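Trainee: Structure in structure tokens, see below.
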Amino acid sequence: MKVALFVGGRGTRLFGDEAPMPKALFEVGGRPVIWHILQMYMAAGISEFVLLLGYRGDLIADYFINHAPFADVDLAVTGGGNGAPDVRVLRPRERQWHVTLCQTGIDTEKGERLRIARDYLQDEPNFMATYGDGLSDIDLQGLVAFHESHGKMATVTSVRTHSQWGHLHIGPDGQVLGMEEKPPLHTAINGGFFVFKREVLDFLVPGDTLEGDCLPRLAEAGELMAYLHDGFWMAMDTYKDNQALDELWESEQAPWKTWDW
């Protein structure tokens, strides 16, 4: 099964409006976060990736083509469609990565990025998708099995997270009755790990956002299911998040490290 990765983000909340690289190349433990994401999927036996390039996509292409990110690998570049190079990275012990780099526009919305990349994604009944900044110990094979069991067009992973702020419990007269520092949120949020039937590609409208257009339409049509993940999940949204993930990795306490190579 193929995985579409949204790696076109600018990373402005990490570095500002003039980020020197796309967010997917910001490092955790000395490796770009996209390296960690691909490792997570490889640990689940999933090895075909379509990278939906946007802001400074040339740097992501350079990373895969010219800077073999793994020790003792052979890198072969073959011709790809629509001007995008098709890169095949062979890992030791016969582990193979198949990475397609697809240029989808600098500020293109995520739904439109999927629509542009349809030629790379429609050759199997289902494909996966995820953001280029989220790390988790999610059971990816369990996610796929859940998607295949319900027969709907799309599955989104739901996660529970904590508020970023302390909450006040205030009485009718304004008296503070209690305080709760960063409590768990009562509602689930979109964890960014998806499985789609290929028919979703026909469901997309030119210019679609994913979260604001496509997913709400799928929900309204009764075609969207939620896979509940209760374990670790964290998005590298800010510099503070980057630091926290880096500290987990350096302390060898990274829950998303589900591989042993």
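Count the sequence shown with the numbering used here and you get residues 7 to 267, in order. Glycine included, every Cβ here is placed at the ideal spot set by N, Cα and C. Given the structure is predicted, the values throughout are model-derived calculations rather than measurements.
Could you tell me if the beta carbon of Asp-208 falls within a distance shorter than 8 angstroms of some heavy atom in the ligand FMN?
Mentor: With respect to the ligand FMN, the structure shown offers nothing to examine, as it has no ligands at all.
Trainee: Which residues in the same chain have their Cβ closer than 6 angstroms to the Cβ of Asp-261, if we skip the five residues on either side of it in sequence?
Mentor: First, the amino acid is wrong: residue 261 is Pro here, not Asp. Counting only Cβ-Cβ distances below 6 angstroms, and skipping sequence neighbours, we find Asp-143 and Phe-238.
Trainee: Return the chain-ordered list of same chain residues with a C-beta closer than 7 angstroms to the C-beta of Ala-49, the five sequence neighbours on each side being excluded.
Mentor: For Ala-49, where only same-chain residues beyond five positions count, the Cβ hits under 7 angstroms are Thr-264 and Trp-265.
Trainee: Closer than 8 angstroms by C-beta to Glu-256: which residues in its own chain qualify, once you throw out the five before and the five after it? Chain order, please.
Mentor: Correct list, in chain order: Gly-35.
Trainee: Judging by CA-CA distance, which residue of Tyr-47, Met-46 and Val-13 is the nearest neighbour of Phe-32?
Mentor: Comparing Cα-Cα distances from Phe-32 to each of Tyr-47, Met-46 and Val-13, the minimum goes to Val-13.
Trainee: List, from N- to C-terminal side, the alpha helix (DSSP H) runs of 4 residues or more that fit wholly inside the segment 197 to 265.
Mentor: Complete alpha helix (DSSP H) runs here, min 4: 206 to 209, 221 to 226 and 245 to 256.
Trainee: Within the segment 106 to 134, note down every full alpha helix (DSSP H) run reaching 4 residues or more, in order along the chain.
Mentor: Counting whole runs of 4 or more residues, the segment 106 to 134 contains the alpha helix (DSSP H) stretches 116 to 122 and 124 to 127.
Trainee: Give every residue of the same chain whose Cβ lies closer than 7 angstroms to the Cβ of Leu-65, excluding the five residues on either side of it in the sequence, and list them in chain order.
Mentor: Cβ within range, chain order: Met-27, Pro-28 and Leu-31.
Trainee: List the DSSP bridge partners of Leu-58.
Mentor: Note: Leu-58 sits in a beta bridge opposite Phe-12 and Cys-108.
Trainee: Measure the CB-CB distance between Gln-259 and Arg-204 and report whether it falls below 9 angstroms.
Mentor: No. Outside cutoff.
Trainee: Look up Ile-176 in the DSSP assignment and give the residues it is bridged to.
Mentor: BP columns for Ile-176 point to Val-182.
Trainee: If you reduce the DSSP assignment to three classes, tell me which class Leu-141 lands in.
Mentor: The answer is strand: DSSP assigns Leu-141 an E or B state.
Trainee: Taking the straight line between their C-alpha atoms, what separation do you get for Leu-254 and Tyr-245?
Mentor: So the alpha carbons of these two residues sit roughly 14 angstroms apart.
Trainee: Span of the beta strand (DSSP E) holding Ala-160?
Mentor: It spans 160 to 165 - the beta strand (DSSP E) in which Ala-160 sits, taken as one unbroken run.
Trainee: Among the residues of its own chain, which have a CB less than 6 angstroms from the CB of Leu-216, if the five just before and after it don't count?
Mentor: Same-chain partners within the cutoff: Lys-116 and Gly-117.
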